[in-house]
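Input: a single structure, listed below in structure tokens.
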Amino acid sequence: MNNKVNTLDINQYLDRIGYTGPIVNSAYMLARLQEQHVHTVPYENLDILDRIPLSLDIPHLYDKIVTRHRGGYCFELNALFGWLLQELGFEVTHYFGRFWRDETDTPAKRRHHILQINIGEQRFIADVGVGGAGPRQPLELVDGLEQTQGNETYRLVQTEAYGWMLEEWKKEAWDPVFSFTEEPNLPRDFITTSFWCEHAPESPFNKTARVSIRTAEGRNTVDNDEFRIYKPSGVHSFKPGNEQEYANALNTYFGIKIAKS
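Heads up, the final residue of the sequence shown is numbered 278 in our numbering, and it's a clean run with no missing numbers.
Take a look at the structure:
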């Protein structure tokens, strides 16, 4: 292992996500870790928009997400979360996925990163890389099993064309979220696809700002320059008037300290 990786402090990572529970290899701990992660580390593509090259090396991701309290997108967030889980003793497998939610160009491209975690005889699918657009806790990988988390219900079903499909029950129908096949990947396998997401003219990740995080009351999002704060009472939307107001709002609602370029 890289010597720089050996010097990284998992306790600082746990502090970053506010986890204070027991350190045991259990489904309970796994669920708490993911829930804490999606409530403290935002999904964001701001470095891509600022033309700051991304790195999927663990020391770089640790510095960005843990030390500098930034977020990232799926290839960054799930790479580092997968490293944390392995350091804590979990058995982790990395998969490519197709993200279907709000996708107009179907079939969706294989440009998503998800994790499988084995605990005894149980298998779980974990994902901290989609902001508020996915489950807050891992899902047990059992065909057709409906799993409720708060006011959200999900299931994983096997399909002939795309392998496993994660679906959420919304508006009296099952809405596809992402799909994946059980082909293990190494961390380096995601580099080329991440580069495409950064630079390709047809990539949706390099056009407008996308930021999202779960909150105790709902979620906060940014779409280009519009902030949306979701609560049970409704949605509050606003557009900052200048760059300083934009930067202040990023810090207030996402904990991101960065000036909008």
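Ideal Cβ placement from N, Cα and C applies to all residues, glycine included.
In this structure, the alpha-carbon of Asp242 lies about 32 Å from that of Ile142. Excluding the 5 residues flanking it on each side, Asn95 has same chain C-beta neighbours closer than 7 Å at His130, Ile131, Leu132, Asp144, Val145 and Gly146, in chain order.
Taking 8 Å as the cut-off, the beta carbon of Ser254 is found no closer than this to the beta carbon of Pro59. Taking the Cα of Leu158 as reference, the smallest distance to any Cα among Thr165, Arg172 and Pro152 is reached at Arg172. When DSSP reads this structure, Val174 sits in a beta bridge with Met182. When C-beta atoms of the segment 72-88 are compared with those of the segment 23-37, three or more pairs fall below 8 Å, so the two segments count as touching.
Collapsing the DSSP output to three states places Asp122 in coil. Here Glu93 really is in contact with Leu78; their C-beta atoms are around 6 Å apart, less than 8 Å.
Taking a contact to require three or more Cβ pairs closer than 8 Å, the segment 182-200 and the segment 97-117 qualify as touching. Counting the other CB atoms within 10 Å of its CB gives Asp122 a total below 16, which places it among the exposed residues. In the displayed model, Arg140 falls within a strand according to three-state DSSP. 8 Å or more divides the Cβ of Phe98 from the Cβ of His56. With respect to the 8 Å criterion, Pro155 and Ala48 are classified as neighbours on the basis of their beta carbons. Ile27 and Lys256 have their C-alpha atoms roughly 37 Å apart. A residue is called buried when at least 16 other Cβ atoms come within 10 angstroms of its Cβ; Val41 does not meet this threshold and is exposed. Apart from the 5 residues on each side of it in sequence, Ser211 sits with its Cβ closer than 7 Å to the Cβ of Leu71, Leu73 and Phe92 in its chain, given in chain order.
Short of 8 Å from the beta carbon of Thr225, and not among the five residues preceding or following it, lie these beta carbons of its own chain, in chain order: Leu66, Asp240 and Asn241. Exclusion of the five residues before and after Trp191 leaves Glu184 as the residues of its chain whose Cβ lies within less than 6 Å of its Cβ.
Residue range Glu260 to Phe271 is occupied by the alpha helix (DSSP H) that includes Asn268.
Contact between Gly88 and Ile273 holds, with the beta-carbon distance rounding to 7 Å and staying under 8 Å. For Arg33, the enclosing alpha helix (DSSP H) covers residues Ile27 to Arg33.
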